[in-house]
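Chains as they are written, first to last, in the working numbering: chain R, 103 to 216; chain F, 3 to 115. For every residue, glycine included, the Cβ atom is placed at its ideal position computed from N, Cα and C. No experiment lies behind these values; they were computed from the predicted model shown. See structure below.
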Amino acid sequence: GAGVSQSPSNKVTEKGKDVELRCDPISGHTALYWYRQSLGQGLEFLIYFQGNSAPDKSGLPSDRFSAERTGGSVSTLTIQRTQQEDSAVYLCASSFNQGMGTQYFGPGTRLTVL
Amino acid sequence: AQSVTQLDSQVPVFEEAPVELRCNYSSSVSVYLFWYVQYPNQGLQLLLKYLSGSTLVKGINGFEAEFNKSQTSFHLRKPSVHISDTAEYFCAVGRSNDYKLSFGAGTTVTVRA
Numbered sequence: 103g104a105g106v107s108q109s110p111s112n113k114v115t116e117k118g119k120d121v122e123l124r125c126d127p128i129s130g131h132t133a134l135y136w137y138r139q140s141l142g143q144g145l146e147f148l149i150y151f152q153g154n155s156a157p158d159k160s161g162l163p164s165d166r167f168s169a170e171r172t173g174g175s176v177s178t179l180t181i182q183r184t185q186q187e188d189s190a191v192y193l194c195a196s197s198f199n200q201g202m203g204t205q206y207f208g209p210g211t212r213l214t215v216l
Numbered sequence: 003a004q005s006v007t008q009l010d011s012q013v014p015v016f017e018e019a020p021v022e023l024r025c026n027y028s029s030s031v032s033v034y035l036f037w038y039v040q041y042p043n044q045g046l047q048l049l050l051k052y053l054s055g056s057t058l059v060k061g062i063n064g065f066e067a068e069f070n071k072s073q074t075s076f077h078l079r080k081p082s083v084h085i086s087d088t089a090e091y092f093c094a095v096g097r098s099n100d101y102k103l104s105f106g107a108g109t110t111v112t113v114r115a
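Shown next, in the form of C-alpha cells:
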C-alpha cells in the first residue's frame, strides 16, 4: 500500500515568509509525528497527534511553529516568519497506534530559508 | 530524560567486510530500541527493533543487533556489506508508555569496492 507522503519535497523561501508543509499518513494510522532533521544532527521531535486527543506540542521550538491535523488524517506544519535556522529536513511519520507501534516515515520536505 | 549516543559519525568499509555500528543510550526506565536506515534522498526505513524477548534481533538486509541491558547498548552488525548498504543509520530509543523517539546523530556508512 501507499506509504507516508509529504509535499513539497523541496521548499526554498525568503527569511520572514510563512511556509506550510503537508503530510499524508498511511491510511488507518491513528498516530502522526513531525520531526526535524538538521544538518549533521539526529532527528528532533516536534509534535505528535493521536486520534482526537490534544496534540503533544512539547517539541515545537518556538511559537512560530504550529501544526494541525484535519479529520484525523492529513497534517500541516506551519512555520511563520521563517528564519535561517529553520532550514532543515522536516520528516513526518505515522503509526498504527501509540506507544511503540512502528513509526513509518515519509521522504521529508527539505526547507531552505535564504 | 534519555539520550542516544552513536559513537561513530563516519564508518568507511570495504565491500564484503563486516561492519558494526555502535549505539549507547541512557534511560532510567525500560526502553524499546530501533535502528533506522536512510538511503540517499529517501526517507527513514526501519531495519529492526527490540521490544522484548530475545536480545538478539534480526532485521532486513542481513542486519542484526544485540540488546545489552547491563552496558545499555544496542549495536548493529552485518557480517558482509554490499555497496548498496551505503547509507546513514540512526539508532532510536523509546520509553515504555511514551510515543516519542529519541534519535542518535546518525552514522554514515560508506561501502567501497
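Simplified DSSP assignment, three categories, for residue i
i	result
D158/R	strand
S11/F	coil
G173/R	helix
N63/F	helix
E18/F	coil
Q47/F	strand
I149/R	strand
Q185/R	coil
Closest residue to residue i among the options (Cα-Cα distance)
i	options	result
A115/F	H84/F, Y52/F, Q47/F	H84/F
T211/R	S140/R, A104/R, N154/R	S140/R
S82/F	S11/F, V21/F, D10/F, P14/F	V21/F
R24/F	F16/F, S32/F, Q12/F	Q12/F
V33/F	A107/F, L50/F, G96/F	G96/F
G45/F	Y206/R, L148/R, L216/R, L213/R	Y206/R
Y150/R	S109/R, G174/R, G105/R	G174/R
Under 7 Å from the C-beta of residue i: neighbouring residues of chain F
i	result
T214/R	The premise fails here: T214/R is roughly 15 Å from chain F at the closest Cβ pair, so nothing lies under 7 Å.
A133/R	Y101
Neighbour flag for residue i against chain R, beta carbons, 8 Å
i	result
L9/F	no
Q44/F	yes
F65/F	no
F105/F	yes
L48/F	yes
Chain R residues whose Cβ lies nearer than 7 Å to that of residue i
i	result
G108/F	G144
Test: residue i CB closer than 8 Å to a CB of chain F
i	result
R153/R	Here residue 153/R is Gly; the residue named in the question, Arg, does not match the sequence. With 8 Å as the cut-off, G153/R does not count as an interface residue toward chain F.
P110/R	no
Residues that residue i contacts on chain F, provided the C-beta gap is smaller than 8 Å
i	result
Y192/R	Going along chain F, no residue has its Cβ under 8 Å from Y192/R, so there is no contact; the nearest lies around 11 Å.
G208/R	G45
8 Å Cβ cut-off: residues of chain R touching residue i
i	result
F92/F	G144, L145
C-beta neighbour in chain A for residue i, strict 8 Å
i	result
Y137/R	Protein chains in the displayed structure are R and F, and chain A is not among them.
Validate contact between the stretch 154-165 of chain R and the stretch 3-14 of chain F using beta carbons, cut 8 Å, 3 pairs: The way I'd put it, the stretch 154-165 of chain R doesn't touch the stretch 3-14 of chain F; fewer than three beta-carbon pairs between them come closer than 8 Å.
At least 3 beta-carbon pairs within less than 8 Å: the stretch 168-186 of chain R vs the stretch 125-142 of chain R: Below 8 Å, enough C-beta pairs join the stretch 168-186 of chain R and the stretch 125-142 of chain R to call them touching: three or more.
Inter-stretch contact (C-beta, 8 Å, three-pair minimum) for the stretch 163-173 of chain R and the stretch 189-205 of chain R: no
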